[in-house]
Amino acid sequence: LVLHAHVTREDFAESFRGSTRVAPALGRYLKWFYSRADLVLCPSEYTKRNLESYPIDAPIRPMSNGVDTARLEGFESFREEARERYDLDGTVVFAVGSVFERKGLTRFCELARDTDYDFAWFGHVDDGPQGSATVKRWTENPPANVTFTGWVDDPRAAYGAGDVFLFPTKDENQGLVVLEAMACGKPVVLSDIPVFREYFTDGEDCLLCSTREEFRRALDRLAADPELRERLGENARETAAEHSLERVGERLVEAYEDVLSASR
1 LVLHAHVTRE DFAESFRGST RVAPALGRYL KWFYSRADLV LCPSEYTKRN LESYPIDAPI
61 RPMSNGVDTA RLEGFESFRE EARERYDLDG TVVFAVGSVF ERKGLTRFCE LARDTDYDFA
121 WFGHVDDGPQ GSATVKRWTE NPPANVTFTG WVDDPRAAYG AGDVFLFPTK DENQGLVVLE
181 AMACGKPVVL SDIPVFREYF TDGEDCLLCS TREEFRRALD RLAADPELRE RLGENARETA
241 AEHSLERVGE RLVEAYEDVL SASR
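As structure tokens, then:
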């Protein structure tokens, strides 16, 4: 039995109403569940360390999620229509994915207040009873320069419309949307957290930030320096290529072959 660990108690917190209170109990369940496996695959060394701390009684092997670059081809052609549809202009700072506080919603909106750029978050907003109060507060009364698009049928619209990818997340197992933005050659501004230090290099294929002021300065640098945007974007595209589905597929085959060999 091979299990892919994409849920941890750490990344479950601050996702929806009550999730932070439930996270410890989830951790106890995941300890039991993942320990049933002959092998647990997880997206990063960071996630492996978290699982080992539960602890999980099974071998754990980190392996990138990979990024499907084929589904992003032609994203540039969506730029004009998407920017017109969502009334975006100039340098557009953007995020992609479901709107959670864990993913840096408050920091995202604070930075919008600190700057004059258009900000857009492309992704589902949970406005039901399970939605968190923080999400409701920001999405129902956002800063004037922030657009929450809601669900977008084709992610290429998001990557076509945006110029600088901003992801001030608090915790990730890897961050697939970061790889997608990189695959599109976008300069990315990320939280300085262990999982991003594991995969990316500050100043080469991304800008890593810890404080609100560091994030603001990074956005201003990128807005004012097209050469920096281009350099980071090109390096980011090369980084994303290292996480191609072909490469990840080869590692998956090796992992399954190892499990089969051990069971004989």
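In full-length UniProt numbering, the protein residues as written are 1 to 264. Idealized CB from N, CA, C, for every residue including glycine. In this text, all values refer to a predicted model and were calculated from it rather than measured experimentally.
For the alpha helix (DSSP H) containing residue i, name the first residue and the last one.
i, result
"V178", "L176 to A183"
"D114", "L105 to D114"
"L208", "Element bounds for L208: not the alpha helix (DSSP H) but the beta strand (DSSP E), L207 to C209."
"K136", "A133 to E140"
"G160", "P155 to A161"
CB residue i to CB residue j, shorter than 8 angstroms?
i, j, result
"R107", "P168", "yes"
"N235", "E214", "no"
"S44", "E198", "yes"
"Y46", "V188", "no"
"residue 275", "R83", "Because the chain is modelled from 1 through 264, residue 275 falls outside the range shown and cannot be assessed."
"T139", "Y117", "no"
"L51", "C42", "yes"
"R212", "E110", "yes"
"V177", "V96", "yes"
"F12", "L3", "no"
"F78", "A157", "yes"
"W134", "Y86", "It should be pointed out that residue 134 corresponds to Thr in this sequence rather than to Trp. No. Outside cutoff."
"V146", "A112", "yes"
Looking only at C-alpha atoms, which of the options sits nearest to residue i?
i, options, result
"V99", "D57, P143, A120 and L88", "A120"
"L252", "G66, F78 and T149", "G66"
"S261", "S15, D38 and F12", "D38"
"D171", "A224, H6 and V2", "H6"
"D114", "A224, A240 and D220", "D220"
"G131", "M63, F16 and V93", "F16"
"I60", "V92, V96 and K48", "K48"
"V248", "P62, R28, L1 and V22", "P62"
"F165", "N141, E80, C206 and F200", "C206"
"residue 292", "G175, T201, Y159 and G185", "Not covered by the structure: residue 292. The range shown for the chain is 1 to 264."
"L228", "G185, I193 and S19", "G185"
"A58", "W32, F78 and Y256", "W32"
"G162", "G175, S210, A223 and N173", "A223"
"S191", "L245, L105, G128 and P129", "L105"
Mind checking which residues open and close the beta strand (DSSP E) that includes residue i?
i, result
"G150", "V146 to G150"
"S263", "S263 -> not in any beta strand (DSSP E); alpha helix (DSSP H) instead, spanning L245 to S263."
"N228", "Residue identity check: residue 228 is Leu in the sequence provided, not Asn. From DSSP, L228 is part of no beta strand (DSSP E) but of the alpha helix (DSSP H) over P226 to A241."
"L190", "V188 to S191"
"F100", "Taken as a continuous stretch (DSSP letters only), F100 belongs to no beta strand (DSSP E), as it is neither H nor E."
"L88", "Neither: L88 is in no beta strand (DSSP E) and is coded neither H nor E."
"L1", "Taken as a continuous stretch (DSSP letters only), L1 belongs to no beta strand (DSSP E), as it is neither H nor E."
From the DSSP output, read off the bridge partner residues of residue i.
i, result
"G203", "DSSP output for G203 lists no bridge partner at all."
"W121", "A95 and F148"
"F75", "DSSP lists no partner for F75."
"V195", "Paired residues: none, contrary to the question."
"L166", "V189"
Please decide whether residue i counts as near chain C, where near means a Cβ-Cβ distance under 8 angstroms.
i, result
"Y199", "Structure shown: chain C not included; a single protein chain is present."
> Which runs of the beta strand (DSSP E) spanning at least 3 residues fall entirely within the segment 4-68, listed in chain order?
Replying inline: 39-42 and 60-62
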